[in-house]
Structure formats: C-alpha cells, structure tokens
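Comments concern the structure below.
2 protein chains.
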Amino acid sequence: MSDMRDRILARACDLYLEEGLQGFSMRKLARSVGVTAPALYRHYENKERVLVAVVGEAYKLFGQFLYRSLAGHTPLERLHLAATNYLEFALGHPRQYEMLYVSPAALGLDRLPQEVEEHACATGQFWHDRGRECMDAGLLREGSPEEVSMTMWAHAHGLLFLYLRGLLEMDEAGFRRMFEASSIRLFEGLAAPRLFKELAERGEALASAG
Amino acid sequence: MSDMRDRILARACDLYLEEGLQGFSMRKLARSVGVTAPALYRHYENKERVLVAVVGEAYKLFGQFLYRSLAGHTPLERLHLAATNYLEFALGHPRQYEMLYVSPAALGLDRLPQEVEEHACATGQFWHDRGRECMDAGLLREGSPEEVSMTMWAHAHGLLFLYLRGLLEMDEAGFRRMFEASSIRLFEGLAAPRLFKELAERGEALASAG
DNA sequence: GTCTATAATCCGATAGAC
DNA sequence: GTCTATCGGATTATAGAC
C-alpha cells in the first residue's frame with residue numbers, strides 16, 4: 257500500500273494537534289497508526305521528515321484560506337479578504353498557524369528544508385501582490401509595496417501572536433474587535449497632527465518610533 | 257555557600273544561550289557548573305524552576321533597557337527611546353528576547369508562573385503608560401491608550417519576530433532601516449485619501465484590513 | 001513491509017552514604 | 001551539600017526473522 261504514507265501523515269497531523277510539538281514521538285505515532293515504530297521508518301526517513309510533512313500540510317490548508325481571497329473583484333476587496341481569511345485561519349486553526357512559524361531548532365533542524373521555505377516565500381509574495389495592486393490603484397500611499405506588505409504582515413502576526421500566547425487579557429470576540437480597530441488605526445495612522453508639528457519644530461525625523 | 261544558586265543560574269543562562277531550549281538539560285548544566293546532577297536539586301526543585309529563573313533573568317535585562325527610556329524629557333522622547341531600546345535589546349540579545357515570549361508548553365508547564373506573568377504584565381503597563389502620556393499631550397489620536405499601545409507593541413514584535421526567524425531577506429542594517437520606515441508608516445497611516453473615499457462610496461466600514 | 005528484539009543514548013529525579 | 005549508584009522512563013534508529 258502506497259497510501260500508508262498518507263495514513264501516517266494524517267495521523268501525524270492529528271497527533272501534533274493533540275499533543276503539540278513537545279508530546280510528539282514516533283512511538284506514539286506508530287501506536288496511533290496501529291503499527292510498530294520501526295514500520296514508520298519504511299515510509300519516512302526519520303522524525304524530522306515527518307514533522308516537515310506536517311508543516312507542509314499546515315501550509316496547504318493555509319493556502320486554501322489565503323487564495324480564496326482572490327475571489328474578490330477589486331484590489332481593495334482582495335486585500336480585505338486576505339486579511340479576514342488570515343485572521344480566520346489563525347483563530348480557527350491555532351496549532352497549524354503556530355506551525356507556519358515554527359523555528360527550525362524546534363524541529364531538530366539547523367535550517368528549514370527548501371520545501372517549507374518555498375511555501376513561506378510564496379506567502380510573502382502573496383502579501384506583496386496584494387499591496388502592489390492596491391498601491392497601483394492609488395489606494396495606498398506611494399512607496400515600496402514589499403515594505404508596506406511587511407508592515408501589514410507584521411501587524412497582523414504580532415497581534416495574533418500576542419493573543420495566542422495569552423498575553424492580551426481578552427476573549428476571542430474582544431480580540432476580533434481589537435484586531436479590526438487596530439487595522440483601521442494602521443491605515444489611518446496613529447499620530448495626531450500635532451506630533452508632526454512637534455517633530456518639524458525639533459527638526460528631527462520620526463525615527464523607529466513603533 | 258548560598259551563592260551556589262547564583263552560580264547555577266549564571267551557568268544555566270549561558271547553557272540556554274549556547275544550546276537553546278532543546279539542548280538544555282540538568283545533566284549538561286551540572287557538568288557546566290562542575291558538580292554532579294543531583295547536587296542541582298539542593299538549589300532548584302526541578303528543571304522547570306531553573307528555566308523559569310532563566311526567563312526571569314531575561315526580563316531583568318530587558319527591564320534595564322526599557323526603563324532607561326524614562327530618562328527622556330518629553331512623552332514623545334520617552335516613547336521614541338522605548339521603541340529604540342526595545343529594538344536594541346531584541347537585536348543585541350535575540351535569545352533572551354525569544355525567552356520573553358516562550359510558550360509555557362516549551363518550558364514543560366501548563367501556565368507560566370505568576371512571577372513571569374507579573375513581568376510580562378509590567379511590560380504591557382510600561383507600553384500603556386508611554387501611549388497614554390503621548391495621547392494626553394495631544395500627540396496621538398484620541399482613543400484607547402491600551403489599544404494604541406497594543407498596536408505599537410504588535411507592530412514592533414511582529415517585525416522582529418519575522419526578522420529573527422529569517423523570514424525577511426535582509427541583513428541587520430537593512431532591517432533597521434525597514435523597521436524605522438515601517439514605524440513611520442504606522443504613525444502616518446498606510447492609506448491614501450482615495451481609499452477612504454472609495455470606502456465611503458461603498459458605504460462600508462474598513463473592516464480588519466491589516 | 002511488518003514484525004520482534006534490541007542497541008545505544010539520553011533524560012529527570014531519588015536514596016542513602018559520607 | 002555533594003557524592004555514587006541507580007531507578008524508571010523516554011527517545012531514535014537498526015538488525016534480522018518472517
């Protein structure tokens with residue numbers, strides 16, 4: 257059976273969802289599949305390869321959420337959908353979301369394999385495209401689309417990270433409201449006119465004040 | 257010797273810096289201190305308590321960076337210094353920075369101990385204070401100081417997280433420039449006037465578009 | 001391809017002598 | 001307060017029979 261590989265992968269994803277990275281072991285996986293541990297090594301070289309495959313599945317699901325945004329009819333709608341779907345994925349599948357950003361060391365690797373890096377790169381490219389087409393349409397200030405999309409990406413991930421770590425004292429409904437309000441702030445700007453006036457008077461640039 | 261506890265803690269910090277969380281063990285720590293493993297248990301109840309103490313040291317160092325910002329003479333200057341010192345701490349001490357945001361599960365705990373939660377809470381309060389005094393001075397738009405400081409915190413942490421994970425293809429100098437530019441974008445706002453015009457025409461709110 | 005059996009390590013933590 | 005010795009467990013991975 258060649259689909260034994262798929263069965264193992266499916267059980268590996270479930271095991272990761274139940275136990276997290278800490279509680280994931282080849283013995284537990286084998287028990288869950290219904291075989292003994294050595295049998296797994298016929299299908300996957302080692303534990304790290306299994307975990308990398310689990311990361312791949314997380315990216316596959318993430319991609320389904322993200323590319324659904326392309327159904328929007330205008331650049332602004334597509335950007336809005338991308339942000340909404342990003343939020344929905346992270347809140348609906350927090351363990352998979354965590355897996356997107358797992359450190360190589362946590363997987364027992366020095367560097368992430370090319371397969372995963374390409375997934376991550378494609379995600380960055382997706383955000384870049386959303387930023388660029390909005391900028392081309394005159395909806396965003398002129399500037400570097402790459403950098404603007406980084407700002408949006410960092411803002412969204414930063415909020416989600418802090419919330420999922422339990423560092424923000426609010427429930428999910430409260431977080432959703434705050435996420436939306438914070439996104440509006442990002443687009444409107446935090447500063448009051450007086451801030452720029454004060455800076456101009458001091459003749460200094462607003463340096464790294466985030 | 258009561259300072260044996262301190263010696264162990266100092267070596268534990270070094271061991272964590274060298275090996276990370278994955279490679280940290282009581283046996284290695286004992287070897288590093290120059291005693292046998294059981295001796296450690298006279299000074300620390302178990303491995304988790306040692307790691308919690310290491311997190312505490314990271315917060316202590318972080319606090320030194322952050323509270324240095326209070327030397328600024330105006331609210332804006334203190335906010336600016338806080339952001340700069342936050343960046344300097346994260347780039348100068350990436351492993352300790354990572355430790356500030358370590359998940360309880362990675363430490364083998366269900367929840368972080370009160371000691372660490374208080375540290376994290378104090379950090380949130382610090383950012384809140386910086387936001388509030390700038391808002392009181394009319395430098396930031398009216399709103400909730402707590403939420404505005406969350407936006408700034410999330411933006412800064414999001415950028416640093418992506419950079420430290422190696423997901424942004426740039427060197428440290430490039431990142432510093434981007435961090436500053438992104439912070440300015442955050443204060444000025446991403447949107448061009450046309451975006452608000454388009455939204456008003458559609459009669460819909462700009463929802464969660466970050 | 002799966003099994004049993006096992007190698008070879010590592011781990012956290014404890015008992016009890018000194 | 002530190003030691004030796006050890007418990008009891010985990011892990012990845014392999015050898016060889018079937």
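As you go down the protein sequences, you meet chains X and F in turn. Be aware that the first sequence starts at 257, since it is given in our numbering, and climbs by one per residue. Be aware that the second sequence starts at 257, since it is given in our numbering, and climbs by one per residue. Note that the Cβ used here is the ideal one computed from N, Cα and C, for glycine as well.
Alpha helix (DSSP H) segment containing His-384(F), residue limits: Start and end: 370-392.
Terminal residues of the alpha helix (DSSP H) in which Ala-268(F) lies: Note, Ala-268(F): alpha helix (DSSP H), 260-275.
Cutoff 8 angstroms: Phe-431(F) Cβ touching any chain X Cβ: For Phe-431(F), the answer is no, since every Cβ of chain X falls outside 8 angstroms of its Cβ.
Contact test: Trp-383(X) Cβ vs the ligand ADP heavy atom, cutoff 7 angstroms: The ligand ADP is not part of this structure, which contains no ligands at all.
Closest Cα partner of Gly-399(X) within the set Trp-409(X), Met-408(X) and Arg-388(X): Nearest of Trp-409(X), Met-408(X) and Arg-388(X) to Gly-399(X), Cα basis: Arg-388(X).
Closest Cα partner of Glu-436(F) within the set Arg-263(F), Gly-380(F), Thr-340(F) and Leu-420(F): Looking only at Arg-263(F), Gly-380(F), Thr-340(F) and Leu-420(F), the smallest Cα-Cα distance to Glu-436(F) is reached by Thr-340(F).
Cβ-based burial, Met-225(F) [other Cβ within 10 Å; buried from 16]: Summary: the structure shown does not reach residue 225(F), with chain F confined to residues 257 through 466, and so no result is reported for it.
Residues in the stretch 401-418 of chain X having any Cβ partner in chain F nearer than 8 angstroms: Within the stretch 401-418 of chain X, Glu-403, Val-404, Met-406, Thr-407, Met-408, Trp-409, Ala-410, His-411, Ala-412, His-413, Gly-414, Leu-415, Phe-417 and Leu-418 place their CB atoms closer than 8 angstroms to a CB of chain F, listed in sequence order.
Same chain only: Cβ atoms within 6 angstroms of Tyr-272(X), ignoring 5 sequence neighbours per side: Same-chain partners within the cutoff: Phe-280 and Val-310.
CA nearest to the CA of Pro-401(F), picked from Ala-447(X), Ala-410(X) and Phe-417(X): For Pro-401(F), the nearest C-alpha among the options comes from Ala-447(X).
Three-state secondary structure assigned by DSSP to Ala-448(F): Coil.
Own chain partners of Phe-345(X) with C-beta closer than 8 angstroms, once the 5 adjacent residues on each side are dropped: Excluding residues up to 5 positions away in sequence, Leu-317, Phe-318, Phe-321, Leu-322, Gln-352 and Tyr-353 lie with their Cβ nearer than 8 angstroms to the Cβ of Phe-345(X) in the same chain.
Check whether Ala-410(X) and His-411(F) have beta carbons under 8 angstroms apart: In contact: Ala-410(X) and His-411(F) (Cβ atoms closer than 8 angstroms).
Short CB-CB distance (under 8 angstroms) between Met-260(X) and chain F: When Cβ-Cβ separations below 8 angstroms define contact, Met-260(X) makes no contact with chain F.
Of the listed residues Val-289(X), Cys-390(X) and Asp-385(X), nearest to Pro-449(F) (C-alpha basis): With distances taken between CA atoms, Pro-449(F) lies nearest to Cys-390(X) out of Val-289(X), Cys-390(X) and Asp-385(X).
Alpha-carbon spacing of Arg-324(X) relative to His-299(F), whole angstroms: Rounded to the nearest angstrom, the two C-alpha atoms are 55 angstroms apart.
Helix, strand or coil at Leu-363(X) according to DSSP, with G and I counted as helix: Here Leu-363(X) sits in helix by DSSP.
Inter-residue Cα distance where the pair is Leu-423(X) and Ala-376(F): Approximately 8 angstroms between the Cα atoms of the pair.
Contact the stretch 331-340 of chain X vs the stretch 368-375 of chain X: 3+ CB pairs below 8 angstroms: They do not touch, by the three-pair rule.
Cross-chain neighbours of Glu-454(F) in chain X, by beta carbon under 7 angstroms: By Cβ distance, chain X contributes Leu-332 and Leu-395.
Residues that Gln-278(X) contacts on chain F, provided the C-beta gap is smaller than 8 angstroms: Going along chain F in sequence order, the residues near Gln-278(X) (Cβ under 8 angstroms) are Ala-361, Ala-362 and Gly-364.
Leu-423(X), DSSP secondary structure in three states: If DSSP states are grouped into helix, strand and coil, Leu-423(X) belongs with coil.
Partners in chain F for Gly-445(X), counting only beta-carbon separations shorter than 9 angstroms: Arg-397, Arg-441, Leu-442, Phe-443, Glu-444, Gly-445, Leu-446 and Ala-447, listed in chain order.
Spatial distance of Val-358(F) from Arg-305(F) (CA atoms): Going from the Cα of Val-358(F) to the Cα of Arg-305(F) covers about 15 angstroms.
Reduced DSSP category for Leu-235(X) - H, G, I as helix; E, B as strand; rest coil: In the structure as shown, chain X begins at 257 and stops at 466. Residue 235(X) is therefore absent and cannot be evaluated.
Residue range of the unbroken alpha helix (DSSP H) whose run includes Gly-312(X): Residues 303-323.
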